[in-house]
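Contents: one structure, followed by commentary.
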Amino acid sequence: MGANTSFVGGRVTAGDLNLVYGEGSWTQITPGVTQPASGALADGTDGFVTMPGDVIEIRIPITTTLRGDNLNAKLLVSAGSGADKDIADGVIAASYRVENQAGEQAAPEAGEAELGETVDVRGLVSSNDGVTAQWQVVVTVKVTADYRWTDAEPMLDLRQWVMGGVNISLEQVREGPGFTEAGDA
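Note that the working numbering has the sequence shown beginning at 17, numbered continuously upward.
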């Protein structure tokens, strides 16, 4: 069955959850740093060396489209497998929030969510005609590993960490404003 199909008795149209990524960026937001490093995610971070206490903010613009009267969604942000290991090993800590087009926090209600946690995004709504909205997913990475002192050439003995990509998805849910259980209508 496609998105639209006809059968004897009427026409059935499937809903739509659509998410489009924009070009992401990263910025060092470490307190006290007067000349923070930054760049486009696509360009990488060559030449930028972090140390314990550094804080990096990754911003990824997204556009969502939800179409369907009885369709709701939550947002899920997770990291690549390299980051999962670095988080588990205590090398980095990472969390996220979602901002609306005006720059106001739309999810979670306060603070930041853990990577891998789905969030209700205030304003992420659907209608039969479809609703399109722009958002910023903001991932905050804190370098938490211990300082290491070495007699060796310092640049040869650096511990590296990796974000390994940021995965963003819409997860359909069967709850929330506008959703009706079968037989409730």
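From the three backbone atoms N, C-alpha and C, an ideal C-beta is built for every residue, glycine too.
| field | Val-65 to Ala-53 span [Cα, whole Å] | value | Along the sequence shown, read from residue 1 onward, the residue named residue 65 stands at position 49. Along the sequence shown, read from residue 1 onward, the residue named residue 53 stands at position 37. Distance between the alpha carbons of Val-65 and Ala-53 is about 10 Å.
| message | Bridge partners for Pro-77 per DSSP, in chain order? | response | Here residue 77 refers to the residue found at position 61 when the sequence shown is read from its first residue. Bridge pairing for Pro-77: Gln-152 [DSSP].
| Run of the beta strand (DSSP E) containing Gly-13, from where it starts to where it stops | The requested residue 13 is not part of the displayed model; the chain covers only 17 to 201.
| said: Using C-beta distances below 8 Å, list every residue in its chain close to Gly-139, excluding the 5 sequence neighbours before and after it, in chain order. | reply: The sequence position of residue 139 within the sequence shown is 123, counting from 1. The beta carbon of Gly-139 sits closer than 8 Å to the beta carbons of Asn-116, Ala-122 and Ala-149 from its chain, once the five residues preceding and following it are set aside; these are given in chain order.
| query | With distances taken from CA atoms, which of Glu-125, Gly-98 and Ile-184 is nearest Ala-132? | reply | As a first step, residue 132 is located in the sequence shown; it is residue number 116 there, counting from the start. At residue 132 the sequence reads Gly, which differs from the Ala that was named. Out of Glu-125, Gly-98 and Ile-184, Ile-184 has the C-alpha closest to the C-alpha of Gly-132.
| Selected residue, minimal CA-CA separation from Ala-50, among Leu-186, Glu-130 and Asp-70 | Translated into the one-based positions of the sequence shown, residue 50 becomes position 34. Reading off the sequence shown, one finds Thr at residue 50, where the question assumed Ala. When each option's Cα is compared against that of Thr-50, the closest is Asp-70.
| Relative to the C-alpha of Val-155, which residue among Ala-104, Ala-110 and Asn-144 is closest? | Your numbering for residue 155 matches position 139 in the sequence shown. Across the set Ala-104, Ala-110 and Asn-144, the C-alpha of Ala-110 shows the shortest separation from the C-alpha of Val-155.
| Thinking C-beta only, is Val-147 closer than 7 Å to Val-141? | Start at 1 with the first residue of the sequence shown, and residue 141 comes out as number 125. Start at 1 with the first residue of the sequence shown, and residue 147 comes out as number 131. For the 7 Å CB-CB criterion, Val-141 and Val-147 form a contact.
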